[in-house]
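FYI, in my numbering the residues of the sequence shown are 311 to 853. A virtual CB, placed ideally from N, CA and C, is assigned to each residue, including glycine.
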Amino acid sequence: MEYLNLSSYHTTSKWVSTVASIWIQCTSGSLYTFSIYSETLKSTQHYDQSTLDLVSVFKDIGANVGVLAGLLYDVVSRTTKHGPCFVHLLGSVFCFLGYFLMWATVAGVIPPVPVPVMCLFMFLTAHSQTYFNTSNVVTGVHNFPFFSGTIVGIMKGFLGLSGAILIQVYLTILNNKPTAYLLMLALLPPINTLLLMWFVRIDNNREGDEGTYLNIFSLMALVIAAYLMVVIILNNIISLPLLVRIFVLIVLMMLLASLLCIAFKALERSSSGTSETFLDESSQQIVEPSFHETEKMDARQDSDTYPMLDTNNHRRLQPGENQNLFQAAQAFNFWILFVCMSCGMGSGLATVNNIGQIGASLGYTRRETGSLVSLWSIWNFLGRFGAGYVSDYFLHTRGWARPLFMVATLTIMSIGHVMIASGLPGALYVGSILVGICYGSQWSLMPTITSEIFGVEHMGSIFNTISVASPVGSYIFSVRVVGYIYDKEASGGNTCTGAHCFMFSFLIMASATLLASLAALGLFFRTKNFYSQVVLRRIQNFL
């Protein structure tokens with residue numbers, strides 16, 4: 311009986327849940343490979359650049375309008391232990407339907423569809439990502455509340471890395487067959503999710519050495535990213551034969567499988583640690599409050615210390631208290647985050663959606679633009695992972711408020727846009743590195759800041775609502791700025807060649823991200839005392 315109980319604990323522990331979530335994330339970022347099949351979609355459906363950008367905007371809308379996924383997770387996670395599984399299941403259904411119907415259209419299985427219908431297909435494929443991402447990220451924050459930046463960085467990092475992983479699968483199995491790649495995307499992510507979603511669960515047990523093993527996960531993530539970067543660079547220099555590509559893919563799978571060994575090691579340590587806790591500190595365990603109870607106690611203490619009244623003499627909710635979506639949307643901090651994400655994420659998406667066309671206009675080969683897409687996933691990963699880990703480190707050790715890192719990354723992103731606008735030799739590589747890293751950083755910083763300012767209880771619905779800013783910005787920059795100016799520079803045709811094609815567009819986006827960094831600076835000053843007096847105190851009380 312004891313053995314059965316231990317086995318059940320292993321399969322439902324936070325460590326097994328973390329590995330399962332990472333593996334699901336590894337196939338969830340197919341949207342970052344849009345450039346692989348965008349030219350095929352454009353040619354088979356006879357689209358001009360503005361129409362293709364419009365379809366890509368619905369990709370961005372579907373990927374970021376995750377309010378329903380967030381609300382659903384908030385409800386089912388409190389009513390059943392299989393809540394995350396249900397959210398993953400819906401994501402799998404949307405992923406299959408969207409990509410399968412898109413493949414059938416491009417392959418000629420069904421007649422060509424009107425542009426609005428293709429936009430619907432793209433929306434379905436993209437919307438599935440919100441279900442995968444919400445379930446994995448929010449479950450991770452519940453499981454590791456005092457390392458929220460690190461766990462969000464890991465989850466968001468592997469999501470960003472998934473583009474490069476999927477491209478390696480594509481190059482090995484379906485090299486230069488973008489139509490077949492669409493069919494692969496209809497099958498691989500849903501099957502992977504259906505196999506792993508049963509292990510993704512909320513585990514509220516707290517362990518003293520969580521940070522140690524999360525650091526090991528972080529180290530392995532960096533190893534995998536470095537490995538993929540080397541492979542991408544080699545593939546850009548020389549054409550790797552099939553056997554070498556197969557070997558590369560096998561090694562990649564082994565690196566991902568090694569994450570399970572880390573989980574088992576953490577389980578062995580936590581099993582012995584749990585036994586000691588119940589035996590030696592049983593009295594302390596009985597009276598020790600849970601994280602969520604302590605969070606509420608801290609919030610009440612903060613409210614008593616800094617009382618604030620609205621016009622009707624009702625106490626206004628303080629930062630850090632658990633707020634629902636309606637309450638959060640009434641806060642000025644909510645809208646500052648929304649504006650920052652509109653400029654940061656929107657301009658980043660406009661860059662990656664058009665990176666193939668930018669490369670073509672500047673004379674890059676198809677292989678080079680393919681490498682840029684793959685390398686974008688690496689930079690995206692580094693930004694997502696690095697921003698979460700580094701902001702956690704400086705918050706724990708120096709007490710630096712997390713919005714300060716949002717200021718820095720948005721400023722650097724503006725510099726990256728200027729580099730791309732210059733059109734100088736090699737500037738696209740440098741600019742895409744800066745923009746990719748800083749774009750990924752926003753996806754790690756925003757959910758973490760949301761959980762800290764508005765509480766973790768309704769985190770899913772709140773951060774997914776703020777994420778709506780991404781497609782809003784993407785529509786403005788991709789269609790109204792980049793697409794419009796490109797078609798105007800093309801002088802009546804569908805193709806434009808030269809640095810002038812995208813120069814003015816990227817200067818506009820550079821100005822927008824610079825203004826966003828000033829807004830983030832305002833958020834930093836508004837929350838500086840909150841981080842030093844509330845968030846840091848909670849961390850110090852439990853670590």
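Exercise. Mind checking which residues open and close the alpha helix (DSSP H) that includes residue 370?
Key: Element bounds for residue 370: 359-374.
Quiz item: With 16 as the cutoff for other CB atoms within 10 Å, does residue 636 come out buried or exposed?
Solution: Exposed, because fewer than 16 other Cβ atoms sit within 10 Å of the Cβ of residue 636.
Quiz item: Taking the alpha helix (DSSP H) that residue 402 falls in, what are its first and last residues?
Solution: Element bounds for residue 402: 393-416.
Self-check item: Anticipated Cβ contact below 8 Å, residue 771 with residue 372, distance rounded
Solution: Their Cβ separation, rounded to whole angstroms, is 17 Å, which puts residue 771 and residue 372 out of contact at 8 Å.
Quiz item: For the putative contact between residue 520 and residue 457, defined by C-beta atoms under 8 Å, what is the C-beta separation to the nearest angstrom?
Solution: That pair is a contact at about 6 Å.
Practice problem: Kindly list the residues whose CB is nearer than 7 Å to the CB of residue 396, restricted to its own chain and excluding five residues on each side of it in sequence; keep chain order. | Solution: Closer than 7 Å at Cβ, skipping near neighbours: 386.
Quiz item: Should residue 759 and residue 692 be called a contact, given that it needs their Cβ atoms to be closer than 8 Å?
Solution: Taking 8 Å as the Cβ cut-off, residue 759 and residue 692 do not qualify as a contacting pair.
Quiz item: Between residue 754 and residue 329, which are expected to be in contact by the criterion C-beta below 8 Å, what is the C-beta distance as a whole number of angstroms?
Solution: Contact between residue 754 and residue 329 does not hold, since their C-beta atoms are separated by about 19 Å, which reaches or exceeds 8 Å.
Quiz item: Out of curiosity, what's the CA-to-CA distance linking residue 559 and residue 478?
Solution: In this structure, the CA atom of residue 559 is about 7 Å from the CA atom of residue 478.
Self-check item: residue 356 versus residue 416: straight-line alpha-carbon distance, rounded
Solution: Taken atom to atom, the span from the alpha-carbon of residue 356 to that of residue 416 is near 11 Å.
Exercise. For the region 325-343 and the region 467-481, state whether three or more C-beta atom pairs, one from each stretch, are separated by less than 8 Å.
Key: Touching, yes.
Quiz item: In chain order, what residues of the same chain lie with their CB nearer than 7 Å to the CB of residue 887, ignoring the 5 residues before and after it?
Solution: This structure gives no information on residue 887, because the portion of the chain shown stretches from 311 to 853.
Quiz prompt | residue 776: first and last residue of the uninterrupted alpha helix (DSSP H) it sits in | solution = 769-776 is the extent of the alpha helix (DSSP H) around residue 776.
Quiz prompt | Segment contact, 8 Å Cβ cut-off, at least three pairs: the region 484-497 with the region 347-366 | solution = Between the region 484-497 and the region 347-366, the count of C-beta pairs closer than 8 Å reaches three or more; the two stretches touch.
Practice problem: Please state whether DSSP places residue 527 in a helix, a strand or coil. | Solution: Residue state for residue 527 is assigned as helix, using DSSP reduced to three classes.
Self-check item: Cα-Cα separation between residue 776 and residue 444, rounded to whole angstroms
Solution: Residue 776 and residue 444: Cα-Cα distance of roughly 13 Å.
Exercise. Determine the direct distance from the alpha carbon of residue 823 to that of residue 609, and round the result to whole angstroms.
Key: Low confidence applies to residue 609: its pLDDT is 46, below 50, so where it sits in the model is not reliable enough to give any reading.
Quiz item: Can you give the beta carbon distance from residue 784 to residue 659, rounded, assuming they're within the 8 Å contact cut?
Solution: Confirmed, Cβ separation roughly 4 Å.
Self-check item: Euclidean distance between Cα positions of residue 806 and residue 476
Solution: Residue 806 and residue 476: Cα-Cα distance of roughly 30 Å.
Quiz item: Who are the Cβ neighbours of residue 788 in its own chain at under 6 Å, not counting the five residues just before and after it?
Solution: Correct list, in chain order: 363, 367, 660 and 663.
Self-check item: Proximity below 8 Å, CB of residue 656 to CB of residue 720
Solution: Going by C-beta atoms, residue 656 is not nearer than 8 Å to residue 720.
Practice problem: Inspect the CB distances between the region 809-821 and the region 692-701 and report whether three or more fall short of 8 Å. | Solution: At 8 Å Cβ cutoff, the stretches do not touch.
Quiz item: Which class does residue 631 belong to by DSSP, given the choice of helix, strand or coil?
Solution: Coil.
Quiz item: What separation, rounded to the nearest whole angstrom, lies between the Cα atoms of residue 699 and residue 705?
Solution: When rounded, the distance between both Cα atoms is 10 Å.
Quiz item: Hey, residue 450 and residue 331 are a contact pair by Cβ (cut 8 Å); roughly how many whole angstroms apart?
Solution: The Cβ separation is near 6 Å, so the contact holds.
Self-check item: Cβ neighbour criterion (16 or more within 10 Å) applied to residue 567
Solution: Burial call: exposed.
Self-check item: Straight-line Cα distance separating residue 377 from residue 438
Solution: Those two C-alpha atoms are separated by around 12 Å.
Quiz item: Starting from residue 503 and walking both ways along the alpha helix (DSSP H), at which residues does that stretch end?
Solution: Run containing residue 503: 488-506, per the alpha helix (DSSP H) assignment.
Practice problem: For residue 519, name the three-state secondary structure that DSSP assigns. | Solution: Here residue 519 sits in coil by DSSP.
Quiz item: Quick one: Cα of residue 327 to Cα of residue 734, how far?
Solution: Going from the Cα of residue 327 to the Cα of residue 734 covers about 46 Å.
Quiz prompt | Coil, strand or helix - residue 686 by DSSP | solution = In this structure, residue 686 counts as helix in the three-state DSSP scheme.
Exercise. Report the rounded CA-to-CA distance for residue 794 versus residue 669, giving the unit in angstroms.
Key: One C-alpha to the other measures close to 18 Å.
Quiz item: With residue 643 and residue 833 assumed to form a contact (beta carbons below 8 Å), what rounded beta-carbon distance in angstroms separates them?
Solution: Going by Cβ atoms, the distance from residue 643 to residue 833 rounds to 6 Å, so yes, they are a contact pair.
Quiz item: By the 10 Å Cβ neighbour count, where 16 or more other Cβ atoms means buried, how is residue 650 classified, buried or exposed?
Solution: Of the residues assessed, residue 650 falls on the buried side of the cut-off, its CB having 16 or more other CB atoms within 10 angstroms.
Practice problem: Out of 688, 411 and 769, point me to the one whose CA is closest to residue 427's CA. | Solution: Here the closest residue by C-alpha is 411.
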